[in-house]
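Residue numbers (the numbering used here): 68 to 246. The beta carbon of each residue, even a glycine, is placed where N, CA and C say it ideally should be. The structure appears right after this line, and notes come after that.
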Amino acid sequence: TGHGTTAGSDVLGAQLGVQAQNIHLDSRIALASGAFKATAEDSVTLGTHADLDLSGRKVTLMDVEKYSWGGDVELAADSGDVVAEAGSRIDVSARNNRGGRISVTALGEGAGPVNLAATLLGQGSGRYDAGGSRVPFDGGELFVRAQSLQDFAGLNQRLTEGGITGTRSFQLKQGDLVV
């Protein structure tokens, strides 16, 4: 845990994977347009100070400015729950490019619920040329595969507010889903 600065946070495409019995993250991880994967045998928890920043960045090449895409976050618990506490943040947004992907899995027979109370950011912005037509970049995506999901209505509201307007996929094994 900690609240230090992150050296090299603008280097694009870095990947980091963490695998353990239990994972509790409560600090900043910055992987511009990168990939972060946390896989636990039991539970994955993002504490109130967790900040997963995989957002795109502006890149200057000589006299040309370009923008990178939003990165990907994968949180998986084999037999426990996945919790992103209120106050934590997952950012896969991008400026002038597409938003990234957040994938959450807690499907094991003894797995607990998925609770994504975090601030979730995934807005894509700008437009690109798709064969003669200018079309907007896609917003971020969320894929949840779980035994159960807490606060579906609140989660959808946070997703819309954070610009995760691309694919939203939910596979739930137990409980009711109130829309």
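Quick check on DSSP: helix, strand or coil for residue i?
i	result
Thr68	At Thr68, the pLDDT of 31 sits below 50, so the modelled position is not reliable; the number obtained from the coordinates is stated separately. Three-state result, Thr68: coil.
Ala185	coil
Gly221	helix
Glu152	coil
Leu79	coil
Leu174	coil
Compare the Cα-Cα distances from residue i to each of the options and report the closest residue.
i	options	result
Ser260	Phe219, Leu244, Gly101 and Ala143	Only positions 68 to 246 of the chain appear in this structure, which leaves residue 260 out of reach.
Gly189	Arg156, Thr112, Asp148 and Ala105	Arg156
Gly123	Ala81, Leu244 and Gly221	Ala81
Ser94	Thr106, Gly114, Gly84 and Leu142	Gly114
Starting from residue i, trace the beta strand (DSSP E) in both directions and tell me its first and last residue.
i	result
Ala143	Asp139 to Ala144
Thr106	Ala102 to Ala107
How would you call residue i, buried or exposed, if buried means at least 16 neighbouring beta carbons within 10 angstroms?
i	result
Thr234	exposed
Glu228	exposed
His70	Caution is warranted here: a pLDDT of 38 is assigned to His70, below 50, making its placement in the model unreliable, and the coordinate value is therefore given only provisionally. With fewer than 16 other Cβ atoms within 10 Å, it is exposed.
Arg168	buried
Ala74	With a pLDDT of 47 at Ala74, under the threshold of 50, the predicted position of this residue should be treated as unreliable, though the coordinate-derived value follows. Ala74 should be labelled exposed.
Thr112	buried
Hey, quick one: how far does the alpha helix (DSSP H) through residue i stretch, first residue to last?
i	result
Leu121	Unbroken run through Leu121: none, as it is neither H nor E.
Between the region 177 to 197 and the region 209 to 227, do three or more beta carbon pairs fall short of 8 Å? At 8 Å Cβ cutoff, the stretches touch.
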